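Enquirer: One structure, as structure tokens, below. Some questions next.
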Amino acid sequence: MRLRISTALAIVCGFPVSADDFQTEADPGFEVFRDQCMACHLETGLGIQAMNAPSIAGLPRWYVTDQLRKFRSDQRGFHSADAPGKLMQANAVVLDERTIAFVGRHIETLDPNPRRKTTATQNIKGSEMLYQRHCSQCHKEDAMGDRTLRAPPLTSQQDWYLLKQIENFQTDKRDHGDYEGTKELSRDEIDSIISWIVDLPTRDD
Ligand code: HEC
Ligand code: HEC
Numbered sequence: 002m003r004l005r006i007s008t009a010l011a012i013v014c015g016f017p018v019s020a021d022d023f024q025t026e027a028d029p030g031f032e033v034f035r036d037q038c039m040a041c042h043l044e045t046g047l048g049i050q051a052m053n054a055p056s057i058a059g060l061p062r063w064y065v066t067d068q069l070r071k072f073r074s075d076q077r078g079f080h081s082a083d084a085p086g087k088l089m090q091a092n093a094v095v096l097d098e099r100t101i102a103f104v105g106r107h108i109e110t111l112d113p114n115p116r117r118k119t120t121a122t123q124n125i126k127g128s129e130m131l132y133q134r135h136c137s138q139c140h141k142e143d144a145m146g147d148r149t150l151r152a153p154p155l156t157s158q159q160d161w162y163l164l165k166q167i168e169n170f171q172t173d174k175r176d177h178g179d180y181e182g183t184k185e186l187s188r189d190e191i192d193s194i195i196s197w198i199v200d201l202p203t204r205d206d
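If you're matching positions, the sequence shown starts at 2 in my numbering and goes up one per residue.
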């Protein structure tokens with residue numbers, strides 16, 4: 002709508018309309034995001050912890066589209082005790098393939114969260130070793146993920162959300178691909194791994 006008004010103004014009054022204005026206003030991925038996602042994930046995509054809505058800014062398009070399809074087909078958010086998963090599922094079931102592709106592209110362009118540490122956990126000695134032993138095979142040494150294994154980067158999500166997902170894996174509220182190994186880890190080991198991950202550079206650093 003604003004596009005049409007500004008275009009009309011440009012025609013009538015000769016105001017310049019920059020290519021940037023045009024792209025933002027007409028981008029269908031942005032429009033979906035604004036109308037259907039921003040209430041919980043914010044315009045920046047950094048999320049609202051009080052709603053359990055994670056930071057999704059900068060997640061790669063392939064991973065976002067994978068997850069939206071999983072929510073939509075009840076492969077994620079299936080557990081009756083997974084309230085945040087159910088909340089997100091309700092927003093995914095209405096999306097068609099085209100919309101998923103557009104919104105995935107928009108989310109990928111958002112700047113990843115520079116502040117992922119929200120708790121006081123310490124990056125203790127041995128954290129990196131634990132990570133490399135248990136997680137790097139799929140999420141890679143730098144935790145940037147591996148598209149061919151469908152394993153996401155872990156370098157833009159906040160600590161509270163990473164913990165929540167690992168707890169979901171441990172309690173069968175979410176499938177961890179074919180990887181059952183997270184179930185063996187103690188809470189101290191998990192805290193330790195997460196504290197190491199949130200100090201890593203994000204994709205764009
Ligand atoms: C009513 C609030 C709400 C709205 C609206 C919403 N989400 Fe979510 N979203 C959540 C919550 C809560 C989670 C966390 C689910 C969990 O813990 O498993 C989530 C998780 C996600 C994830 C998974 C992130 C990851 O790292 O795996 C993606 C991707 C996502 N949302 C995208 C979207 C998109 C795209 C839209 C708009 C079409 C949207 N969300 C709308 C609340 C919302
Ligand atoms: C055998 C491969 C494999 C290994 C090893 C592995 N993961 Fe994953 N991980 C995956 C895949 C695949 C997904 C995506 C699951 C999905 O599609 O829902 C994932 C998802 C995750 C997520 C969810 C991210 C998000 O944005 O919601 C977290 C957190 C995670 N893994 C942490 C770990 C940690 C910590 C370790 C080591 C203790 C680990 N993973 C080891 C394959 C692996």
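The C-beta atom is built at its ideal place from N, Cα and C for all residues, glycine as well.
Being a predicted model, the structure only gives us computed values, none of them experimental.
For residue 198, tell me which candidate among 119, 176 and 170 has the shortest Cα-Cα distance.
Expert: The residue with the shortest Cα to Cα distance from residue 198 is 119.
Enquirer: Within 10 angstroms of the Cβ of residue 74, are there 16 or more other Cβ atoms? Answer buried if so, exposed if not.
Expert: So residue 74 counts as exposed.
Enquirer: With a CB to CB cut of under 8 Å and the five nearest residues on each side skipped, what residues in its chain are close to residue 86?
Expert: Answer for residue 86: 72, 77, 78, 79, 80, 169, 174 and 175, listed in chain order.
Enquirer: Can you give me the C-alpha to C-alpha distance between residue 157 and residue 185, rounded to a whole angstrom?
Expert: Rounded to whole angstroms, residue 157 to residue 185 spans 25 Å at the Cα level.
Enquirer: Could you check if residue 209 belongs to the surroundings of ligand 1, using beta carbon to heavy atom distance under 6 Å?
Expert: For residue 209 there is no data in the structure shown, the boundaries of the chain being 2 and 206.
Enquirer: Report whether the distance from the Cβ of residue 37 to the nearest heavy atom of ligand 1 is below 6 Å.
Expert: Yes, since a heavy atom of ligand 1 falls inside the 6 Å radius drawn around the Cβ of residue 37.
Enquirer: Alpha carbon to alpha carbon, how far is residue 70 from residue 99? Give it in angstroms, no decimals.
Expert: Their Cα atoms are separated by approximately 12 Å.
Enquirer: Counting only runs of 4+ residues fully inside the region 132 to 157, write out the alpha helix (DSSP H) ranges in chain order.
Expert: Qualifying alpha helix (DSSP H) stretches, in chain order: 137 to 140.
Enquirer: Quick one: what does DSSP say residue 27 is sitting in, helix, strand or coil?
Expert: Looking at residue 27 - three-state DSSP - the assignment turns out to be helix.
Enquirer: Does the distance from the CB of residue 30 to the CB of residue 65 come in under 7 Å?
Expert: For residue 30 and residue 65, no; Cβs fall outside 7 Å.
Enquirer: Tell me the start and end of each unbroken alpha helix (DSSP H) in the region 72 to 138 that is at least 4 residues and wholly inside, in chain order.
Expert: Counting only runs of 4 or more, we get 84 to 93, 98 to 110 and 128 to 135.
Enquirer: With hydrogens ignored, establish whether the beta-carbon of residue 151 is closer than 6 Å to any heavy atom of ligand 2.
Expert: Residue 151: yes, Cβ under 6 Å from ligand 2.
Enquirer: Are at least three pairs of beta-carbons, each pair with one atom in the region 178 to 194 and one in the region 131 to 141, less than 8 Å apart?
Expert: Cβ pair count under 8 Å is three or more, so yes.
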